[in-house]
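Protein chains in written order, with the working numbering: chain A, 1 to 108; chain B, 109 to 223.
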C-alpha cells in the first residue's frame, strides 16, 4: 500500500474552474510538500506545510494533521496550470516520499 | 532565481557501461539528493548527502551506485554497470535546511536510456 495517496489521478477542467486535489497519507510526518511537474519533466516546489494553510497567488494548500489529509486548491484555473501535481511527505528522516501525482489538464 | 543545474539532459548508454550524472546544487545549500522516476511511475528516493557523506540511501541504491561531491560545487551520481531497468529520469535536488524546511529545489533532470 502506498504511504501517500492522491485523488483524483486525472482531472480535466475548463478555464476558470476551481480545482481541488487531495492527498492522504498513512504515516506520521514532519512536513508535507506540494510539487508541480511540468510536461517536460521538471519539478517545482510549490508549498511546504506542517500545519494550517498557505496561499501563493491562485494556489492554496491546507493540511489537517489529525486526519492525515492535505488539499491543494487552484482558483480561476488557466491552461498554463496544466501539469502533474504531486504530494510528498517527509517523515523523521530527510527524504521525500512521493505520491503518484494528479494529472491536471485545463482547457480554454 | 538560483537553479540546480543537471547535465546532460539526456544520455543514452549501452547496458554494462558506466555513467556519471552531474549536478550543480545551489551554492548555499547544504543537503543534496538524488531521486529517480521510471516512466509512468512515481518519483523514488535514491540517496541523501550531507557534510560530504551519505546520510540515507534507499534499497535501490545498491553497490552499483555511488555519489560524490568532488570539488565543493558538483554533485555526481555514478552508476557503475548500467542495466536496462536503470532507464529513468534522474533528478538532483538540494535544500538549505534539513527536511526541506525552506523547500527543495530540483534540477530539470537527466533522462537516462539504457539500451
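Here a beta-carbon is modelled for each residue, glycine too, at the ideal position from N, C-alpha and C.
Only a predicted model underlies this, so the values are computations on that prediction, with no experimental measurement involved.
What whole-angstrom Cβ distance do residue i and residue j have, given they're in contact under 8 Å?
i	j	result
residue 84(A)	residue 103(A)	5 Å
residue 17(A)	residue 97(A)	Actually they do not touch by this definition, with Cβ atoms about 30 Å apart.
residue 119(B)	residue 184(B)	With 8 Å as the limit, residue 119(B) and residue 184(B) do not qualify as a contact, their Cβ atoms being about 13 Å apart.
residue 150(B)	residue 101(A)	7 Å
residue 51(A)	residue 65(A)	6 Å
residue 77(A)	residue 21(A)	Not a contact, Cβ separation roughly 11 Å.
residue 204(B)	residue 136(B)	7 Å
Taking buried to mean at least 16 other C-beta atoms within 10 Å of its own C-beta, is residue i buried or exposed?
i	result
residue 88(A)	buried
residue 33(A)	buried
residue 27(A)	exposed
residue 75(A)	exposed
residue 144(B)	buried
residue 190(B)	buried
residue 198(B)	buried
residue 99(A)	buried
residue 155(B)	buried
residue 11(A)	buried
residue 223(B)	exposed
residue 19(A)	buried
Within this structure, are the beta carbons of residue i and residue j separated by less than 7 Å?
i	j	result
residue 6(A)	residue 23(A)	yes
residue 207(B)	residue 94(A)	yes
residue 122(B)	residue 200(B)	no
residue 140(B)	residue 157(B)	yes
residue 134(B)	residue 186(B)	no
residue 107(A)	residue 9(A)	no
residue 221(B)	residue 202(B)	no
residue 213(B)	residue 132(B)	no
residue 42(A)	residue 117(B)	no
residue 53(A)	residue 25(A)	no
residue 49(A)	residue 63(A)	yes
residue 86(A)	residue 35(A)	yes
residue 209(B)	residue 188(B)	no
Checking contacts by CB at 7 Å: is residue i closer than that to chain B?
i	result
residue 90(A)	yes
residue 107(A)	no
residue 95(A)	yes
residue 100(A)	yes
residue 82(A)	no
residue 45(A)	yes
Please check if any C-beta of chain A sits within less than 7 Å of the C-beta of residue i.
i	result
residue 111(B)	no
residue 151(B)	yes
residue 164(B)	yes
residue 156(B)	yes
Note down, in chain order, all residues in the stretch 211 to 223 of chain B with a beta-carbon under 9 Å from any beta-carbon belonging to chain A.
211, 212, 213, 214, 215, 216, 217, 219
At a Cβ cut of 7 Å, what residues of the stretch 20 to 42 of chain A count as close to chain B, listed as they run along the chain?
30, 31, 33, 41, 42
Selection of the stretch 184 to 206 of chain B by Cβ proximity to chain A, strictly under 7 Å
So the list reads 197, 199, 206, given in the order they occur along the chain.
Taking a Cβ distance cut-off of 8 Å, strictly less, list which residues of the stretch 168 to 181 of chain B are near chain A, in chain order.
none
At a CB distance below 8 Å, what residues from the stretch 124 to 142 of chain B approach chain A? Give them in sequence order.
139, 141
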